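Student: Sharing a structure, written as structure tokens. Questions coming.
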Amino acid sequence: EAVKPANFLRNVIERDLEAGTYANRQWGGGPGDAARHAAGVPDAARVRLRFPPEPNGYLHVGHAKSICLNFGLARDYGGVCHLRFDDTNPEKEEQEYVDGIKENVRWLGFDWETSFGNNLFYASDDFDFMYRAAEALVQAGLAYVDEQSADQIRANRGDFTTPGTNSPFRDRTPVQNLERLREMRDGKHADGAMVLRAKIDMASPNINLRDPALYRIRRAHHHNTGDKWCIYPMYTFAHPIEDALERITHSICTLEFEDQRPFYDWLLERLVELGLLAHPLPKQYEFARLNLTYVVTSKRKLRQLVEENHVSGWDDPRMPTLVGMRRRGYTAGALQLLAERTGATKNNTWIDYAWLDIALRDDLEAKAARAMAVLDPIPLKLTNWSDVFGSAATEPCSAPAHPHHPDMGTRQFALSPTVWIERDDFLEVQTKGYQRLFPGNKVRLKYGVIVECTGCEKDADGNVTAVLATVVPDTKSGTPGADLVKVKGTITWVSAHDGVPVTLNLYDRLFAVPQPGSADSLTSELNPDSIKVTQGYVEPSAGSLPAETRVQFERHGYFVTDRVDHRLDKPVFNRVTTLKDSWGK
Ligand code: ATP
Ligand code: MG
Ligand code: MG
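Numbering (the UniProt record's numbering), first residue to last: 15 to 599.
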């Protein structure tokens with residue numbers, strides 16, 4: 015087990031475990047919770063964390079960071095991580111996204127169903143409690159119904175230099191407010207006619223404490239509660255309550271929520287005073303979101319890419335969505351490594367995209383079978399074949415499936431009078447340092463024989479159409495004396511006899527600028543060459559793989575058979591990433 019890099023969240027959790035901060039939490043500690051949880055049952059989970067996505071889109075690499083962080087901390091400290099759908103915004107949420115998010119979390123290697131039970135929650139399941147909490151705040155004089163328009167509310171909020179102005183509705187009595195809140199609930203008022211606001215401090219230096227909205231009127235069908243409600247809680251109100259009801263210990267979110275923390279604490283403390291919740295309360299901690307260079311992780315911008323057809327869909331292999339990254343061939347293991355290596359910090363920085371590729375290589379190096387592929391094929395004709403091999407049509411060759419894991423077996427393939435090689439493995443005239451094929455030079459066909467280049471064939475326009483070479487006798491790999499002839503270059507190849515034709519999608523970064531997303535036009539930042547599709551050949555061991563199988567094509571990098579388009583009779587490979595070192599100069 016690798017050493018876990020220190021991060022401040024681990025320190026917080028360890029401190030709390032040592033101090034016993036959450037040792038005696040019980041389900042049903044407050045009366046409001048009794049409906050869902052049996053009272054008086056101590057919580058066996060040492061910590062409870064949560065991943066709280068809004069089911070309004072596809073998860074991306076930034077969410078993967080949050081999932082790995084929260085589920086990883088829960089695993090490491092004998093606790094559990096909840097999957098909670100923050101479904102307080104009825105219009106934008108769909109079952110399709112709920113299902114997709116569940117699949118993403120499981121694919122990443124985590125589960126909300128553990129020995130601590132099935133920890134799948136919907137904020138909307140607690141709308142009743144939230145409404146009761148709202149009434150309790152109103153009755154205690156801590157919330158009021160504001161009939162100002164949205165524009166007036168905004169204008170009266172003030173800004174960083176100007177304190178806000180009290181609403182003319184702020185001094186209504188609790189009885190008046192309760193009556194109006196119930197009218198809101200009962201559908202007596204139009205959408206947007208009024209909102210429920212907390213009554214805190216319109217002069218607070220923290221704008222989030224200037225009487226934030228708690229409930230709004232919105233006649234919209236909800237995927238879970240149907241048409242039961244025409245008022246919906248604001249996220250900032252629902253989220254702390256959800257954390258408390260689920261007995262979350264450490265509520266981890268990204269830095270932009272830092273200014274919300276005082277309201278989070280204010281709300282929960284008031285609800286304890288009102289007898290609706292009990293100590294110990296969850297605490298919010300903020301960490302820096304993951305920003306990867308050349309990647310955009312705003313849902314809105316990703317949607318734009320899909321809707322304007324810059325990509326083929328949410329699962330386009332160039333997309334940083336988890337469905338896209340999975341299709342591209344990135345592994346759950348690589349994303350876990352990236353999350354661990356980037357840790358949890360308080361500084362918003364950009365992480366070099368190379369970190370992801372390094373993590374992918376580290377994850378796959380020991381696991382992926384090797385094979386040879388030719389991405390840009392040109393025939394190499396072995397002109398003295400019958401002198402060396404007589405009448406045999408082919409000569410059998412083999413190679414280990416993995417150089418360090420004999421248990422993975424061997425690959426078999428044939429050498430034949432014509433083989434496919436990379437177009438750039440031949441030069442008519444040698445350039446400085448070039449060690450591959452040029453007239454008079456000898457190279458080894460990897461796992462095969464040494465050949466000596468004799469020239470090439472050209473078409474009428476002078477384009478090279480085939481490379482010519484002779485086999486150097488008695489040089490077959492693995493036979494005695496094979497290495498007596500010394501060569502400086504080795505090239506990969508695939509036999510024209512048993513090579514399998516395949517489509518290869520060679521991807522590059524989707525954006526051309528390292529920190530995309532800040533320009534006015536997203537499309538001006540796109541990389542025009544983010545995909546190149548080629549027709550190539552692979553050796554037989556890679557020619558009949560099931561979909562979503564990863565392989566390392568020697569020299570070329572890690573590839574995966576496409577989850578969607580790959581067929582046994584029409585193989586399609588996506589390049590995940592190249593190999594670190596450019597191989598064979
Ligand atoms: P977006 O801004 O892309 O719409 P979001 O933050 O609104 O994403 P949510 O569904 O609310 O999307 O996110 C669920 C969780 O994932 C939140 O706790 C959020 O903090 C976290 N998260 C989102 N983006 C990142 C990121 N880039 N790095 C780390 N965590 C992230
Ligand atoms: Mg959000
Ligand atoms: Mg957001």
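Every residue gets a Cβ at the ideal spot worked out from N, C-alpha and C, and that includes glycine. Since this is a predicted model, take the numbers as computed values, not measurements.
Return yes when the Cβ of Ala385 is within less than 8 Å of the Cβ of Val565, no when it is not.
Tutor: yes
Student: Could you check whether the Cβ of His96 sits closer than 7 Å to any heavy atom belonging to ligand 1?
Tutor: no
Student: Apply the 10 Å Cβ neighbour rule to Phe22 and answer buried if 16 or more other Cβ atoms are within range, or exposed otherwise.
Tutor: exposed
Student: Taking Arg24 as the reference, give the member of Asn70, Ala78, Arg89, Val75 with the closest Cα.
Tutor: Closest by alpha carbon: Arg89.
Student: Ignore the nearest five residues each way along the sequence and tell me which others in Cys267's own chain have a CB closer than 7 Å to its CB.
Tutor: Gln298, Glu300
Student: Quick check on DSSP: helix, strand or coil for Glu270?
Tutor: helix
Student: In whole angstroms, what is the alpha-carbon distance linking Pro182 and Phe141?
Tutor: 29 Å
Student: Mind listing which residues have their beta carbon within less than 6 Å of any non-hydrogen atom of ligand 1? Chain order is fine.
Tutor: Pro66, Pro67, Glu68, Gly76, His77, Lys79, Ser80, Cys267, Thr268, Arg303, Leu304, Thr311, Ser312, Lys313
Student: So Asn84 is in the alpha helix (DSSP H); what residue range does that whole segment cover?
Tutor: Asn84 -> alpha helix (DSSP H) spans 75-90.
Student: So within the segment 450-477, which uninterrupted beta strand (DSSP E) runs reach at least 3 residues, ignoring any that extend past its ends?
Tutor: 456-459, 464-472
Student: Answer with buried or exposed for His293, where buried requires no fewer than 16 other C-beta atoms within 10 angstroms of its C-beta.
Tutor: exposed
Student: Which term fits Gln109, buried or exposed, when burial requires 16 or more other beta carbons within 10 angstroms of its beta carbon?
Tutor: exposed
Student: Got a sec? Which residues, its chain only, sit under 7 Å from Arg171 by beta carbon, not counting five neighbours each side?
Tutor: Gly178, Ile221, Arg224.
Student: Specify whether the segment 536-545 and the segment 360-369 touch according to this definition: at least 3 beta carbon pairs, one from each stretch, less than 8 Å apart.
Tutor: The count of Cβ pairs closer than 8 Å, one atom from the segment 536-545 and one from the segment 360-369, stays below three, leaving the stretches out of contact.
Student: How about Gly343 and Asn588: do their beta carbons lie closer than 8 Å?
Tutor: yes
Student: Output the boundary residues of the alpha helix (DSSP H) element that contains Asp579.
Tutor: Element bounds for Asp579: n/a, residue is neither H nor E.
Student: Mapping the DSSP letters down to three states, classify Tyr72 as helix, strand or coil.
Tutor: Note: Tyr72 maps to coil in three-state DSSP.
Student: Let me make sure I understand the geometry here. Which of Arg186, Leu259, Gln162, Ala164 has the alpha-carbon closest to that of Met144?
Tutor: Leu259
Student: For Ala217, collect the residues of the same chain with a Cβ closer than 6 Å to its Cβ; drop the 5 residues on either side in sequence, then sort them by chain order.
Tutor: Pro177
Student: With the cut-off set at 8 Å, would you say Leu285 and Ala137 are in Cβ contact?
Tutor: no
Student: Near Gly495, what residues of its chain come up, given a Cβ to Cβ distance below 7 Å and the 5 sequence neighbours on each side ignored?
Tutor: Correct list, in chain order: Asp488.
Student: Assign Asp473 to buried or exposed, taking buried as 16 or more other Cβ atoms, counted over all protein chains shown, within 10 Å of its Cβ.
Tutor: Looking at its Cβ environment, which holds fewer than 16 other Cβ atoms inside 10 Å, Asp473 is exposed.
Student: Please identify the residue among Val547, Gln529, Leu349 whose C-alpha is closest to the C-alpha of Glu539.
Tutor: Of Val547, Gln529, Leu349, the residue nearest in Cα terms is Gln529.
Student: How many Å lie between Gly155 and Ala212 at the Cα?
Tutor: 9 Å
Student: Over the uninterrupted alpha helix (DSSP H) stretch that includes Asp376, give me the two end residues.
Tutor: 368-378
Student: Following the continuous alpha helix (DSSP H) through Arg98, name the residue where it begins and the one where it ends.
Tutor: Looking at the DSSP string, Arg98 is not in any alpha helix (DSSP H); the run it does join, the beta strand (DSSP E), is 94-99.
Student: In whole angstroms, give me the CA-to-CA distance for His324 and Arg355.
Tutor: 31 Å
Student: Tell whether a beta-carbon distance below 8 Å holds between Tyr367 and Tyr308.
Tutor: The criterion of a C-beta distance shorter than 8 Å is satisfied by Tyr367 and Tyr308.
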